[in-house]
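Novice: One line per chain: the protein sequences are F, E, D and Y, in this order.
Using this note's numbering, read the first sequence as starting at 255 and increasing by one per residue.
Using this note's numbering, read the second sequence as starting at 255 and increasing by one per residue.
Using this note's numbering, read the third sequence as starting at 255 and increasing by one per residue.
Using this note's numbering, read the fourth sequence as starting at 255 and increasing by one per residue.
Using N, Cα and C, we set each Cβ at its ideal position, and we do this for glycine too.
Protein chains: 4
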Amino acid sequence: MGLKAIFLNCTLKYPPEVSNTRALIDRAAELFSELGVESEVIRMTDYNIKFGTSSDMGGDDEWPGIYEEIKQADIIIIGSPIWFGVRSSVAQLVLERLDGSYADGDPVTGQYPLYGKVAGVIITGNEDGAHNVAANTLFNLTHLGCTIPPNADCYWVGDAGPGPSYIEAGGDKHLYTNRTVRYMVNNLTWMAKLLKDNKNPVNLKKLDEDAEKVSR
Amino acid sequence: MGLKAIFLNCTLKYPPEVSNTRALIDRAAELFSELGVESEVIRMTDYNIKFGTSSDMGGDDEWPGIYEEIKQADIIIIGSPIWFGVRSSVAQLVLERLDGSYADGDPVTGQYPLYGKVAGVIITGNEDGAHNVAANTLFNLTHLGCTIPPNADCYWVGDAGPGPSYIEAGGDKHLYTNRTVRYMVNNLTWMAKLLKDNKNPVNLKKLDEDAEKVSR
Amino acid sequence: MGLKAIFLNCTLKYPPEVSNTRALIDRAAELFSELGVESEVIRMTDYNIKFGTSSDMGGDDEWPGIYEEIKQADIIIIGSPIWFGVRSSVAQLVLERLDGSYADGDPVTGQYPLYGKVAGVIITGNEDGAHNVAANTLFNLTHLGCTIPPNADCYWVGDAGPGPSYIEAGGDKHLYTNRTVRYMVNNLTWMAKLLKDNKNPVNLKKLDEDAEKVSR
Amino acid sequence: MGLKAIFLNCTLKYPPEVSNTRALIDRAAELFSELGVESEVIRMTDYNIKFGTSSDMGGDDEWPGIYEEIKQADIIIIGSPIWFGVRSSVAQLVLERLDGSYADGDPVTGQYPLYGKVAGVIITGNEDGAHNVAANTLFNLTHLGCTIPPNADCYWVGDAGPGPSYIEAGGDKHLYTNRTVRYMVNNLTWMAKLLKDNKNPVNLKKLDEDAEKVSR
């Protein structure tokens, strides 16, 4: 089958500090492996990524290489910690840089480079905020062209207030998270296969022309 | 093909007051019709819907009939105005009532009743808030089992501050809205066909068992 | 001193069903009592409140009476459960109805009826979503004229996934929630006194005139 | 009076590129000047700020100097563009770094360094998302100790879809934005004076002790 998943780990921590989000990503990658899906994990703080909204900000910007990896994948999963109730600055930076992909539409269909890809999200936090991170991240990815299958998010959070994070809290034994990581991995794999076998025929350029005719 | 789309119009206005959200829904319904997809529009304020999170709150609750309609549809589109930057209370009420569907999982696969359905969102507001409404609504629908294809949202909003709404502002001539309503309708139709021809094989009950084995 | 706090309990549950949000509200009301602040709790589902955005929707709409109570209070606290990661439909309904207060500005200063009031928020959910509820609710209340002191929110949520709610989980013994309810009550009381002794002198009507001079 | 406002401009653009958010910040700074409030504007992309959640990440991290400036100010205003419907990665980075201030509580009262400060938010985007940015940002700042007076946000956004930004669109002539920037500046100034003359007496350490007594 040859499906490939790419995980973008948007932890704030610089290597070699241990990332809780990575620990949950590893659970998903193991499950993908059982289904024959290859995984690649990129830790964004390993790279020098400039702020901006184009695909290449020049100079020593290392986004272009990562963008290439993303375009090669069938399944894209953003992994983010929660800070102040929302996704990390690093996750937001990734989305901002993906804004540049709108400019790389297919010359015939106008479909953006992420059309045909499937997306999910993995989230860890010591408390509250997972719905907010998942909702915004998955929605943004649909705008960029991704398809979201059912139950495409997986998160672990502790109860209200500061507390231990995923690893320390033994989140790897948390039933809800273990259920949803399985739902996510299986649904993403199913949908990625389906999209590989069934190319989206929608021609955005043609629809743009139709829209122009009825607009001022 | 026989695809059916259901629009749940979550305007705050009681009939016969004119709904701006309905005006944009009508654009989408026309486009569905051109693609051979049948549309039904339900205005929630036409019915007596109780607050709650089960599928039947008893008494004169009219949700059960609407829930049946939703289960018959292939494509579900929530139409919501924006109030205070978020979706209407009526739209939130619809989601809360759909919480009851989790209890109606398939006895074999555990898949919830909205598995196999495709979802989109239509939003109107005199200003700001569409991303918030779309993100939360589409994400909630994925939790309930829906698939979200690319560009599955369509909205019209005016610029900052109070101002005319969709109808009065001539939103039907707004290029961005006219483009995205076409993207949405075409992507929803394509994905609905795909799901009709390719049943999701994921067995949630089996995955629950696997998860239990590795959880405390 | 004569300060009065009003709690609007936006549980989805109809009386006499027990409300978890009410249980946490009661903690706050006890603390207010120790500081000499009088509390009133209104359970919205006790009343027939129409959907809409004006202060009186006519017929058997019971909002006008509640709106009067709100205008008499010094401290306004929205109590909301979390459903699908966001505030309840009932809480959203309350905000939508408060939209009508913009029309009741002071004839001289233009200040809306909630200017001079202090606001907080109390949230319970079995998991995740408190930041989202608090952020939107407190922000909306600043738009309506309220002042938000530091640490004006108090919530209890359990860890990821379905689980027991505040009462059943023994949330009344949860340290973080017990700390923040104290921070909230003390800060709200302090600020309410301050605003009672120091009327906001800002004249919105005058500022509107200034703005018009430099706008097109 | 000697009040000082600090604006943290969280544009994604590196100098010398022109920032739309800065253009709206300048409107606010002029109005502060008329009221005798001194303004300082810091463009975050002028500095090397590491990702993280402590007040000093070491090495060539330039956050510590900015943090000192923030602690000297009476009024803190986050200026952010909107990207993908939410605040910029740079704005999120600023909040994440302010997380470190929780560790710098007053030894007697426990109040965090931002207690006693007043906060507002300025937002520009070519469309939709201002409510989301304002709600999360102001709420986060209340957690850090800031007080939010009424109408403490000011934004400019265009109508649905891509389009010109604040400067190009002539946003400086937009009535709603010109009204709200005046509301914001006047309310922030009033509240900053009030807080300067009336120190918050709440002792968080004492409340922590009370909470511990009733918690498990």
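Considering Cα atoms alone, identify which of E:A389, E:G415, E:P403 is closest to D382 of chain E.
Specialist: Reading the second sequence from its first residue, position 128 is the one you call residue 382 of chain E. D382 of chain E has its Cα closest to that of E:G415, out of E:A389, E:G415, E:P403.
Novice: I'd like the span of the alpha helix (DSSP H) that includes E463 of chain E, first residue to last.
Specialist: Locating residue 463 of chain E in the second sequence gives position 209, where the first residue counts as 1. Counting along the chain, the alpha helix (DSSP H) containing E463 of chain E begins and ends at 458 to 467.
Novice: Run through the DSSP bridge pairs and tell me what Y369 of chain Y is partnered with.
Specialist: Locating residue 369 of chain Y in the fourth sequence gives position 115, counting from the first residue. DSSP lists no partner for Y369 of chain Y.
Novice: Can you tell me the Cα-Cα spacing of G333 of chain D and L266 of chain D, whole angstroms?
Specialist: The sequence position of residue 333 of chain D within the third sequence is 79, counting from 1. The sequence position of residue 266 of chain D within the third sequence is 12, counting from 1. Roughly 11 angstroms between the two C-alpha positions.
Novice: Checking contacts by CB at 8 angstroms: is V340 of chain E closer than that to chain D?
Specialist: Residue 340 of chain E sits at position 86 when you count from the first residue of the second sequence. Yes, V340 of chain E counts as interfacial toward chain D.
Novice: Any idea if P418 of chain D is buried or exposed, counting beta-carbon neighbours within 10 angstroms, 16 or more meaning buried?
Specialist: The residue you call residue 418 of chain D lines up with position 164 of the third sequence. With fewer than 16 Cβ atoms within 10 Å of its Cβ, P418 of chain D is classed as exposed.
Novice: Between the segment 356 to 380 of chain E and chain F, which residues of the former have CB atoms less than 7 angstroms from a CB of the latter, in chain order?
Specialist: Flagged, chain order: Y369.
Novice: Counting only Cβ pairs nearer than 9 angstroms, list the residues of chain E close to A384 of chain Y.
Specialist: Locating residue 384 of chain Y in the fourth sequence gives position 130, counting from the first residue. Simply G339, E381, D382, G383, A414.
Novice: Just how far apart, CA to CA, sit S293 of chain F and A446 of chain F?
Specialist: Here the question's residue 293 of chain F lines up with position 39 in the first sequence. Here the question's residue 446 of chain F lines up with position 192 in the first sequence. So the alpha carbons of these two residues sit roughly 13 angstroms apart.
Novice: So A259 of chain F and I329 of chain F are supposed to be a Cβ contact under 8 angstroms. How far apart are they, rounded?
Specialist: Stepping through the first sequence from its first residue, residue 259 of chain F is reached at position 5. Stepping through the first sequence from its first residue, residue 329 of chain F is reached at position 75. With a Cβ gap of about 4 angstroms, A259 of chain F and I329 of chain F count as contacting.
Novice: Determine the extent of the alpha helix (DSSP H) in which Y430 of chain F is found, giving its start and end residues.
Specialist: For the purposes of this step, residue 430 of chain F is taken as the residue at position 176 of the first sequence. Where Y430 of chain F is concerned, the enclosing alpha helix (DSSP H) stretches over 429 to 451.
Novice: List in chain order: all unbroken beta strand (DSSP E) runs of 3+ residues lying wholly within the segment 274 to 356 of chain E.
Specialist: As far as the segment 274 to 356 of chain E is concerned, its whole beta strand (DSSP E) runs of at least 3 residues are 292 to 297, 329 to 337.
Novice: Given a cut-off of 8 angstroms on the beta-carbon distance, is the pair E463 of chain Y and L429 of chain D in contact?
Specialist: Locating residue 463 of chain Y in the fourth sequence gives position 209, where the first residue counts as 1. Locating residue 429 of chain D in the third sequence gives position 175, where the first residue counts as 1. Contact: no.
Novice: With H, G and I counted as helix, E and B as strand and the rest as coil, what does DSSP make of G359 of chain E?
Specialist: Within the second sequence, the letter at position 105 stands for residue 359 of chain E. Coil at G359 of chain E, not helix or strand.
Novice: Only counting the same chain, and skipping five residues up and downstream in sequence, which positions put a Cβ closer than 8 angstroms to that of G339 of chain E?
Specialist: As a working note, residue 339 of chain E is residue 85 in the second sequence. Same-chain partners within the cutoff: D382, G383, N386.
Novice: Going by C-alpha to C-alpha distance, which of D:E316, D:T275, D:A406 sits closest to D300 of chain D?
Specialist: Walking along the third sequence from the start, residue 300 of chain D turns up at place 46. It is D:E316.
Novice: G370 of chain F and K453 of chain F: beta carbons closer than 8 angstroms?
Specialist: Along the first sequence, one-based indexing puts residue 370 of chain F at 116. Along the first sequence, one-based indexing puts residue 453 of chain F at 199. Cβ atoms of G370 of chain F and K453 of chain F: closer than 8 angstroms.
Novice: Considering only residues of the same chain and omitting the five flanking positions on each side of Y356 of chain E, which have a CB-CB separation below 8 angstroms?
Specialist: On the second sequence, position 102 is the one that residue 356 of chain E refers to. Hits under 8 angstroms: Y366, L398.
Novice: Counting Cβ pairs closer than 8 angstroms, one from the segment 276 to 291 of chain D and one from the segment 432 to 444 of chain D, do we hit at least three?
Specialist: Counting Cβ pairs under 8 angstroms, three or more are found: they touch.
Novice: Nearest-angstrom Cα distance between T378 of chain D and I296 of chain Y?
Specialist: As a first step, residue 378 of chain D must be located in the third sequence, where it is residue number 124. As a first step, residue 296 of chain Y must be located in the fourth sequence, where it is residue number 42. Cα to Cα, T378 of chain D sits roughly 38 angstroms from I296 of chain Y.
Novice: Report yes or no: is there a C-beta of chain Y within less than 8 angstroms of the C-beta of A389 of chain E?
Specialist: The residue you call residue 389 of chain E lines up with position 135 of the second sequence. Chain Y, which has a Cβ nearer than 8 angstroms to the Cβ of A389 of chain E, makes this yes.
Novice: Helix, strand or coil for D426 of chain Y per DSSP?
Specialist: Here residue 426 of chain Y is taken as the residue at index 172 of the fourth sequence, counted from 1. Three-state DSSP puts D426 of chain Y in a helix.
Novice: If I measure Cβ to Cβ from N238 of chain Y and keep anything under 7 angstroms in the same chain, skipping five residues before and after, which residues do I get?
Specialist: Past the edges of chain Y, shown from 255 to 470, lies residue 238 of chain Y, and the structure says nothing about it.
Novice: Identify the contact partners of T431 of chain D in chain F, using a Cβ-Cβ distance below 7 angstroms as the criterion.
Specialist: The residue you call residue 431 of chain D lines up with position 177 of the third sequence. By Cβ distance, chain F contributes A414.
Novice: Note down, in chain order, each residue of its chain lying with its Cβ closer than 8 angstroms to the Cβ of D407 of chain F, except the 5 sequence neighbours on either side.
Specialist: Here residue 407 of chain F refers to the residue found at position 153 when the first sequence is read from its first residue. Taken in chain order, the residues that qualify are G374, V375, I376, I377, A384, A388, L392, T434, M438.
Novice: Does the beta-carbon of V362 of chain Y have 16 or more other beta-carbons within 10 angstroms, so that it is buried, or is it exposed?
Specialist: On the fourth sequence, position 108 is the one that residue 362 of chain Y refers to. With fewer than 16 other Cβ atoms within 10 Å, it is exposed.
Novice: With DSSP as the reference, label T265 of chain E as helix, strand or coil.
Specialist: Along the second sequence, read from residue 1 onward, the residue named residue 265 of chain E stands at position 11. It is coil, neither helix nor strand.
Novice: Would you report the Cα separation of K325 of chain E and D310 of chain E, rounded to the nearest angstrom?
Specialist: Your numbering for residue 325 of chain E matches position 71 in the second sequence. Your numbering for residue 310 of chain E matches position 56 in the second sequence. So the alpha carbons of these two residues sit roughly 14 angstroms apart.
Novice: Below 9 angstroms between beta carbons is the criterion; list the residues of the segment 311 to 325 of chain F that meet it against any residue of chain D, in chain order.
Specialist: Result list empty, no residue passes.
Novice: Are the CB atoms of W410 of chain D and E350 of chain E within a distance shorter than 8 angstroms?
Specialist: Start at 1 with the first residue of the second sequence, and residue 350 of chain E comes out as number 96. Start at 1 with the first residue of the third sequence, and residue 410 of chain D comes out as number 156. Contact flag unset, no.
Novice: If the cut is a Cβ gap below 8 angstroms, which residues of chain E does N454 of chain D touch?
Specialist: Translated into positions along the third sequence, residue 454 of chain D becomes position 200. Residues of chain E passing the Cβ test: none, with the nearest at roughly 22 angstroms.
Novice: Of all Cβ atoms in chain Y, is any one closer than 8 angstroms to the Cβ of S343 of chain F?
Specialist: The residue you call residue 343 of chain F lines up with position 89 of the first sequence. So yes, S343 of chain F belongs to the interface.
Novice: Which two residues bound the contiguous beta strand (DSSP E) that contains V411 of chain F?
Specialist: Reading the first sequence from its first residue, position 157 is the one you call residue 411 of chain F. Taken as a continuous stretch (DSSP letters only), the beta strand (DSSP E) holding V411 of chain F covers 407 to 411.
Novice: Can you find a CB in chain F that lies within less than 8 angstroms of the CB of G417 of chain Y?
Specialist: One-based indexing of the fourth sequence puts residue 417 of chain Y at position 163. Output row for G417 of chain Y: interface = no.
Novice: In angstroms, rounded to a whole number, what distance separates the CA positions of P403 of chain D and T396 of chain D?
Specialist: For the purposes of this step, residue 403 of chain D is taken as residue 149 along the third sequence, with counting starting at 1. For the purposes of this step, residue 396 of chain D is taken as residue 142 along the third sequence, with counting starting at 1. Taking the straight line joining both Cα atoms gives about 11 angstroms.
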